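J.: A single structure is presented below for examination.
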Amino acid sequence: MDRADRRVIRCALAALAFSNVFLAAPVLSQTPYYAGKTIAIIRGGGPGGSGEFQSRALMPYLQKYIPGNPTIVMEYMPGAGGRKAANYFYTAKPDGLKIASAGAMIPGPILGLPGSNYDIDKFPYIGSTETGNPYILFTRKAAGLDTLDKMRRAPALRMGAHSVGHSVYVTARMFAYMLDLKEPKFVVGFTDPEMDVAMQNNELDARTTSNTDSLLRKDMMDNIHVHATISNPKGRTDSRLPGLPDLDTFAKNDKERNVIELFRAFQVPRWPHHLSPGTPPELVKILRQAMIKTFNDSAFQQEFKKLMGREPTPLSGEDVQKLVKELPRDPEVIGLYKKLAEHEPLPPRG
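For the sequence shown, the positions run 369 to 718 when the working numbering is used.
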């Protein structure tokens with residue numbers, strides 16, 4: 369083989385190698401980013417509760433609809449009502465391999481709560497399994513408080529809640545404030561089942577709940593009086609409890625009405641799931657699309673109802689992002705809300 373022939377063969381081999389690179393490139397580029405990876409859903413709280421149940425309902429369907437079908441696991445990061453997890457996510461690596469689930473983190477920066485070292489507007493939200501629910505005020509039947517007027521005349525009404533700042537605590541204080549209750553006592557440290565027992569045992573007189581399905585059990589309804597509601601979103605009530613007055617009707621001025629609106633706004637994206645700031649837009653898009661497909665899956669809807677006792681009322685990632693951006697941030701309204709959410713005596717009405 370002479371020199372010219374060898375040169376021809378070398379050129380042909382080089383051309384073949386060059387073409388193989390370009391032919392292989394599309395095949396390699398089609399490998400999904402999430403193939404072979406693990407995604408951790410990090411709950412901003414401990415095990416148990418509705419937040420975990422809702423994420424549990426999501427997990428198998430997200431795995432199904434995310435291209436590459438990654439493994440999805442759950443981890444827990446309790447602390448400061450979800451704010452510890454939010455702080456972690458605010459500086460975590462934006463690789464799309466961790467999803468936060470911590471609804472209570474949204475009010476933190478707006479209310480100036482301690483440990484809120486993050487900007488809620490910078491998180492990429494991928495969806496919420498549920499919107500806010502109406503809250504119901506009720507008393508134990510044995511207390512004989514079958515009308516709002518009797519509630520108003522009863523001194524030192526004992527109202528139960530989980531903890532200071534919890535939505536059940538805030539709504540109890542809102543009702544007490546707007547109804548002009550006489551020096552009510554707010555007793556915290558309960559779970560939901562413990563509050564039910566405490567009411568039966570004459571340790572509590574009243575409480576609020578957003579779990580209407582539990583409230584409407586016959587063993588509950590036989591032992592309580594239901595008084596009023598906070599529709600949430602505004603105008604959405606439970607048709608099984610018709611005719612309850614809305615807390616708006618007891619507000620005396622725009623500031624009081626706006627503080628109720630602020631509560632509703634905090635609650636509408638009830639269980640938002642978000643990523644770390646700086647997550648590549650293409651990964652945000654993949655996860656948002658997977659959430660939408662999950663929400664539309666009838667099997668997910670059935671699993672959600674089995675775990676939660678009610679139908680899901682989901683929001684897309686874009687909807688959550690918009691709602692967070694539009695949260696009311698008027699300093700005067702925020703000031704009143706903070707007084708209603710803290711452990712000090714209720715403020716005087718203006």
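From the three backbone atoms N, C-alpha and C, an ideal C-beta is built for every residue, glycine too.
No experiment lies behind these values; they were computed from the predicted model shown.
Less than 8 Å separating the beta-carbons of I598 and P502?
T.: yes
J.: How big is the Cα-Cα spacing for E671 and A425?
T.: 6 Å
J.: How about K706 and N591: do their beta carbons lie closer than 8 Å?
T.: Contact flag unset, no.
J.: On the three-state DSSP scale, how would you describe F491?
T.: coil
J.: Would you say Q689 and Y486 are within 8 Å of each other, going by their C-beta atoms?
T.: No, the Cβ-Cβ distance between Q689 and Y486 is not below 8 Å.
J.: Please classify R424: does DSSP put it in a helix, a strand, or coil?
T.: Per DSSP, reduced to three states, the secondary structure at R424 is helical.
J.: For R656, count the other beta carbons within 10 Å of its own beta carbon; 16 or more makes it buried, fewer makes it exposed. Which is it?
T.: buried
J.: For K623, tell me which candidate among P645, R638, V701 has the shortest Cα-Cα distance.
T.: V701
J.: State the Cα-Cα distance for the pair V555 and P428, rounded to the nearest angstrom.
T.: One alpha carbon belongs to V555, the other to P428, and they sit about 39 Å apart.
J.: Is the distance from the Cβ of V636 to the Cβ of P680 below 8 Å?
T.: no
J.: For M542, collect the residues of the same chain with a Cβ closer than 8 Å to its Cβ; drop the 5 residues on either side in sequence, then sort them by chain order.
T.: I598, L615, V627, I628, F631, L708
J.: Could you check whether L549 and M519 sit closer than 8 Å to each other, using their CB atoms as the reference points?
T.: yes
J.: For A658 versus I434, is the C-beta spacing smaller than 8 Å?
T.: yes
J.: Can you check whether the CB of P648 is closer than 8 Å to the CB of G464?
T.: A contact, by the Cβ cut-off of 8 Å.
J.: Using C-beta distances below 6 Å, list every residue in its chain close to M442, excluding the 5 sequence neighbours before and after it, in chain order.
T.: I409
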